[in-house]
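Asks: Note that the working numbering has the sequence shown beginning at 6, numbered continuously upward. For each residue, glycine too, the CB sits at the ideal point set by N, CA and C. Just so it is clear, the structure is predicted and the values come from calculations on it, not from any experiment. A single structure is presented below for examination.
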Amino acid sequence: MANHLLPPNATSQERAISSTLSRTDTISVPIRELWQPHTCPERLLPWLAWALSVDEWDEQWSESQKRNAIDASVYLHRHKGTPVAVQRAVDLIFDDAEVQEWFHYGGQPFHFRIVSDNAFTSEREYHRLIRIIEAAKNARSRLEAIIIRSRVTHELTLATATAQGNRTQLGPSPTTLRNEPSALKAAAAQHCATRVRIAPKQLRLAIQAATTAQATAYHDYRHITIRG
Numbered sequence: 006m007a008n009h010l011l012p013p014n015a016t017s018q019e020r021a022i023s024s025t026l027s028r029t030d031t032i033s034v035p036i037r038e039l040w041q042p043h044t045c046p047e048r049l050l051p052w053l054a055w056a057l058s059v060d061e062w063d064e065q066w067s068e069s070q071k072r073n074a075i076d077a078s079v080y081l082h083r084h085k086g087t088p089v090a091v092q093r094a095v096d097l098i099f100d101d102a103e104v105q106e107w108f109h110y111g112g113q114p115f116h117f118r119i120v121s122d123n124a125f126t127s128e129r130e131y132h133r134l135i136r137i138i139e140a141a142k143n144a145r146s147r148l149e150a151i152i153i154r155s156r157v158t159h160e161l162t163l164a165t166a167t168a169q170g171n172r173t174q175l176g177p178s179p180t181t182l183r184n185e186p187s188a189l190k191a192a193a194a195q196h197c198a199t200r201v202r203i204a205p206k207q208l209r210l211a212i213q214a215a216t217t218a219q220a221t222a223y224h225d226y227r228h229i230t231i232r233g
C-alpha cells in the first residue's frame, strides 16, 4: 500500500521529497519551550533573542547572561523611557545597583546617576552598561555619573596602655656660703730625705749636712753622689 498520494507517473525526485516530508510529522517540536528563555535550548538562544528584539547581545556571554537578557527584553520594550526600565537594564550588569534621579541627591534637573557596590570586571562591561542605559532611558534624561562604592568591614578593637617613667637630672650642687670662725694655730714638722745617685765613672763621696732650725721646725737633708 502506498503511503503517498503521488500519481503513478511521479518522478523519483518527487517521490524522495514526499518521503522526506512524510517524516516531519514524527519530529517533536516543543513550541512552548522554544519561546521561553529559560527552557529554550542553548544553541537556539541567538534566534530567540532576535525574535524578541534584544537590544544588546554578545556571544561571549555566559548561558545565564543570555537567558536573562532575553527574559528582560519584553519588559524593557514595554517600559522604555521610564526609571523602571533603566533599573531593569542596569540589573543585567549589577545586581545591587540603584538608579538615583536628580531630585534624590540635589543634582541638575533631568539627570540621574547609578550607584553600586560592585566593580566592573572589564572596560567592555562598562561600555555595555552605557549602551543598555542609553537604550532604556528617555531622550530627555542624561546619565550624570556611575558611582562605585567600596566597603571595608573591620572589627572594632579597644586597647589601653599605661606609661610610667622617672626623670633624673644631674648637675652641680648649689653653692652655699657659710661663715665659720677660724683660730690661729702653731705646728711643728720634720722632713728627712736621702738621695742616692750611682754613675759608672768617678767615685766621689760627698756628704753635705745642713741643719736649719728654728724654734718651731727642724730640717735634715743629705745629698750622696757616687761616681765610678
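What residues in its chain sit with their C-beta under 7 Å from that of residue 122, if we drop five residues either side in the sequence?
Replies: Numbered from 1 along the sequence shown, position 117 holds the residue referred to as residue 122. Counting only Cβ-Cβ distances below 7 Å, and skipping sequence neighbours, we find 101, 154 and 156.
Asks: Exposed or buried, residue 130, counting other C-beta atoms within 10 Å across all chains shown (16 or more means buried)?
Replies: Here residue 130 corresponds to residue number 125 of the sequence shown, with the count starting at 1. With fewer than 16 Cβ atoms within 10 Å of its Cβ, residue 130 is classed as exposed.
Asks: Is the beta carbon of residue 94 less than 9 Å from the beta carbon of residue 151?
Replies: Within the sequence shown, residue 94 is the residue found at index 89, counting from 1. Within the sequence shown, residue 151 is the residue found at index 146, counting from 1. For residue 94 and residue 151, no; Cβs fall outside 9 Å.
Asks: Rounded to the nearest angstrom, what separates residue 217 and residue 200 at their Cα positions?
Replies: The sequence position of residue 217 within the sequence shown is 212, counting from 1. The sequence position of residue 200 within the sequence shown is 195, counting from 1. Here residue 217 scores only 45 on pLDDT, less than 50, and its place in the model is too uncertain to base an answer on.
Asks: Flag this pair as yes or no: are the beta carbons of residue 35 and residue 53 separated by less than 9 Å?
Replies: Translated into positions along the sequence shown, residue 35 becomes position 30. Translated into positions along the sequence shown, residue 53 becomes position 48. Against a cut-off of 9 Å, the Cβ pair of residue 53 and residue 35 comes out as no contact.
Asks: Pull up the DSSP beta-bridge partners for residue 117, would you.
Replies: Your numbering for residue 117 matches position 112 in the sequence shown. Answer is 106 and 148, bridged to residue 117.
Asks: According to DSSP, simplified to helix, strand and coil, what is residue 48?
Replies: Locating residue 48 in the sequence shown gives position 43, counting from the first residue. The answer is helix: DSSP assigns residue 48 an H, G or I state.
Asks: Determine the DSSP secondary structure at residue 153, reduced to helix, strand or coil.
Replies: Here the question's residue 153 lines up with position 148 in the sequence shown. Residue state, collapsed to three classes: strand.
Asks: Considering only their Cβ atoms, is the gap separating residue 20 from residue 26 smaller than 9 Å?
Replies: Numbered from 1 along the sequence shown, position 21 holds the residue referred to as residue 26. Numbered from 1 along the sequence shown, position 15 holds the residue referred to as residue 20. No; because the gap between Cβ atoms is not below 9 Å, this pair is not in contact.
Asks: Within its chain, find whatever has a CB closer than 7 Å to the CB of residue 149; leave out the 5 residues flanking it on each side and keep chain order.
Replies: Position 144 of the sequence shown, counted from the first residue, corresponds to residue 149. Excluding residues within five positions, the ones whose Cβ falls inside 7 Å are 112, 116, 117 and 118.
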